[in-house]
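Reading through the structure tokens given below for one structure.
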Amino acid sequence: MKILITGGSGLIGSSFIRYYSQQHQFTVTTRSVERVKQQFRGYGVDVVSELPSAQGLTEFDAVINLQGAGIADKRWTAERKQELQNSRWQITEALVQRIKECPSPPVLLSGSAIGVYGPRDDEPVSEEATPQTYDFAAELCQQWESIALSVQQYTRVVCLRTGVVLDSAQGALPRMALPYKLGLGGPMGSGKQMMSWIHIEDIIRALEFILQDDSIAGPVNLTAPNPTANKQFSQTLAKTLHRPHVLFVPSFALNLMLGEMASMLLEGQAVVPKKLEQAGFHFNFPQLQDALADLL
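Start counting the sequence shown at 141; every next residue gets the next number (our numbering).
Here you go:
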């Protein structure tokens, strides 16, 4: 396949490109052309600064739209919220407009996140669940998906509802592991909030699976089949690292440090990958202890 990726230099995009560099031909859009060229040196990746025209999109079999400022990188001020929205919605709107005008449009896999469901208890949440307009993260994802799905009469559209991606070098896991390595690890808040996670290898394999299966469309949960409560997650992490699990971070401290963004850590949902499993996808790391042992 010839694949265009926006946000291709991030954790998921870069891992996917490296894993499948021999199977597919990749083009990455970025504002930092020289830096990204260096990042993918030796992988035969084309790096461009702008989206192709509507006519130019006909060259591609698929577009994977992953662009967006890091949701947990900075405190959610009004200015930061606008940046988070613009970095996701504007690129998706530009892609949508080109797809509408494209004579032979590519498949569109567009980013989203499990935050679209809003906070839930521990009942399993599949793609059949109705998203709740509860907080900023939910509204951000719902609008992001709505823009992407506006072209589903032109081409196959898949919204990638991504959970916490576990990788040894990037993303959430190194940040979560650091306190444990210092002997300061423990659960956050009540510890009852559910965490829906996925091993980096499984998420990039799932993307390939979705690209190859034309029957998969609409929202797809990219999470492992066994979500876990924050307390169990932290206990498993401590055991894997052979470190104590004695401290905890109280809710008021997180709210004080992070403000509204603390809701991402103190509230959760038990998201399950019903569509992927029904389509026949096999997870290499369905259990948390195996995923952490592999990565750490």
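Backbone N, C-alpha and C fix where the C-beta goes; we use that ideal spot for every residue, glycine too.
Note that the structure is predicted; figures quoted are calculated from it, not measured.
Between the alpha carbons of Ala194 and Ile254 lies a gap of roughly 30 Å. Secondary structure in the stretch 327-400: the beta strand (DSSP E) runs of 3 residues or longer, each lying completely within the stretch, are 337-339, 358-362 in chain order.
Asn361 is positioned such that its CB atom lies no closer than 7 Å to that of Met335. Counting along the chain, Thr232 sits inside the alpha helix (DSSP H) bounded by residues 218-241.
With fewer than 16 other beta carbons inside 10 angstroms of its own, Leu387 counts as exposed. Here Asp213 is exposed, its C-beta having fewer than 16 other C-beta atoms within 10 Å.
Excluding residues up to 5 positions away in sequence, Ser149, Ser154 lie with their Cβ nearer than 8 Å to the Cβ of Gln179 in the same chain. Here Leu144 carries a strand assignment [DSSP, helix/strand/coil]. Three or more Cβ pairs closer than 8 Å define a contact, and the stretch 391-402 falls short of that threshold against the stretch 181-195. Its Cα nearest to that of Arg175, the residue Ser189 stands out among Phe166, Ser189, Gln165. Around Asp201, the same chain offers Met141, Lys142, Pro246 as residues with beta carbons nearer than 6 Å, after the five sequence neighbours per side are excluded. With fewer than 16 other beta carbons inside 10 angstroms of its own, His422 counts as exposed. Distance from Leu144 to Val203 at the Cβ level is roughly 5 Å; contact confirmed, criterion being Cβ atoms closer than 8 Å. By the criterion of a C-beta distance shorter than 8 Å, Gln225 is surrounded in its chain by Leu280, Gln283, once the five residues flanking it on both sides are discounted.
With a cut-off of 8 Å on Cβ pairs, the stretch 309-324 is not in contact with the stretch 350-360, counting fewer than three such pairs.
Assignment of beta-bridge partners to Ile204 by DSSP yields Ile145, Leu249.
Cβ-Cβ distances below 6 Å link His339 to Leu306, Phe425, Ala431 in the same chain, with the five nearest sequence neighbours on each side left out; the list follows chain order.
In the DSSP assignment, Asp434 falls within the unbroken alpha helix (DSSP H) covering 428-435.
Between Glu407 and Gln333 a beta carbon distance of about 6 Å is seen, short of the 8 Å cut, so the two are scored as contacting.
In the three-state scheme derived from DSSP, where H, G and I count as helix and E and B as strand, Val291 is classed as coil. Apart from sequence neighbours up to five positions away, the residues of its chain that approach Phe156 with a beta-carbon distance below 7 Å are Ile344, Leu347, ordered along the chain.
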